[in-house]
Amino acid sequence: MSRRSEPSPKKRQPPLTRTQPAAADAKQAGAAKRVAAVVGVLALAAIIVYALWGAKHLVPGAAVAPEPTSSLPPMAAAGSAAPHWSVQGPLGPISSSSLAGSPYLLEIFATWCPHCQRMTAVLRDIRAKLPASRLAMVSVTGSPYAANATPENLVPENQQDVDAFDAQYHVSWPTIFDRDMTVARAFGMSGFPTVYIVDKKGTIAFADSGEIPEGRLLAAIRKAGA
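Residues in the sequence shown are numbered from 254 upward in steps of one, following our numbering.
And the structure:
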């Protein structure tokens, strides 16, 4: 009589210890830290690259150059009579009297101001569309400081700096260094650039500051009778 073979007992699997999931968690945490470190380095590199790009594409000192607008009166309002003014340019004096009877555009700007640099392109387009016989244009400085001025070194501006600005940005209308800021004090301003359009009767038809769209300026110029 044959014996039945007894089934061999199953081998028991060793119980999982707590150290196994803890090790996996530690591994995942280490990987997450490495990813975070890489992301941080890339973000820092992007910030540095952006800062260097900005420094290259803006005028040196524009971000820190003093803006002497706090001592100036507020902007003259549209609809009010334009103040009398006179400034000595390299080719002789220009004044409200010499421009009387014709509409004109007056810009108060600073050579170190990046908004003024971009606004110059808008004014160039306007000059190309409207000759001086229809609209006189004058740009006058409203800051006594040069483009390379800093709070620690207040380099004064001069007409040569303005001439260099004209050459760089292809300005074809009178651009004048106003040493005493007589025009800015007469009209007032709230920032750079500030633009006034005066009609043939001597009334301010438009007054605003900042980068003004060309279409808005052209509409105001036509309204002033140019």
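Ideal Cβ placement from N, Cα and C applies to all residues, glycine included.
Coil, strand or helix - residue i by DSSP
i: GLU320; result: Note that GLU320 scores a pLDDT of 45, beneath 50, so its modelled location is shaky; the value from the coordinates is reported in the next line. In this structure, GLU320 counts as coil in the three-state DSSP scheme.
i: ALA296; result: Confidence is the limiting factor: at ALA296 the pLDDT is only 40, short of 50, which leaves the residue's position unreliable, though a coordinate-based value still follows. Correct three-state label for ALA296: helix.
i: PRO346; result: strand
i: PHE459; result: strand
i: ALA334; result: strand
i: VAL424; result: coil
i: ALA417; result: helix
Beta-ladder partner(s) of residue i, from DSSP
i: SER390; result: Sequence inspection shows Met at residue 390; the Ser mentioned does not correspond to that position. MET390 is bridged to LEU358.
i: VAL340; result: ILE347
i: TYR527; result: This structure cannot speak to residue 527, because the chain is shown only from 254 to 479.
i: ILE429; result: VAL393
i: THR403; result: ASN406
Cβ neighbour criterion (16 or more within 10 Å) applied to residue i
i: GLU405; result: exposed
i: LEU407; result: exposed
i: GLY354; result: exposed
i: ASP378; result: exposed
i: ALA460; result: buried
i: ASP433; result: exposed
i: SER443; result: exposed
i: GLY395; result: buried
i: GLY441; result: buried
i: ALA472; result: exposed
i: LEU359; result: buried
i: PRO397; result: buried
i: LEU470; result: buried
i: ALA417; result: exposed
i: SER392; result: buried
Residue i: first and last residue of the uninterrupted beta strand (DSSP E) it sits in
i: ILE450; result: 447–451
i: ALA437; result: No beta strand (DSSP E) contains ALA437, which is instead part of the alpha helix (DSSP H) from 435–440.
First and last residue of the uninterrupted alpha helix (DSSP H) at residue i
i: ALA472; result: 467–476
i: LYS382; result: 367–382
| query | Counting Cβ pairs, one atom from each stretch, are 3 or more of them under 8 angstroms apart for the segment 368–388 and the segment 432–450? | reply | With contact defined as three or more Cβ pairs closer than 8 angstroms, the segment 368–388 and the segment 432–450 are in contact.
| request: Flag this pair as touching only if the segment 322–339 and the segment 407–422 have three or more C-beta atom pairs under 8 angstroms; answer yes or no. | output: no
| request: Give a yes or no on contact between the segment 346–362 and the segment 385–396, applying the rule of three or more CB pairs nearer than 8 angstroms. | output: yes
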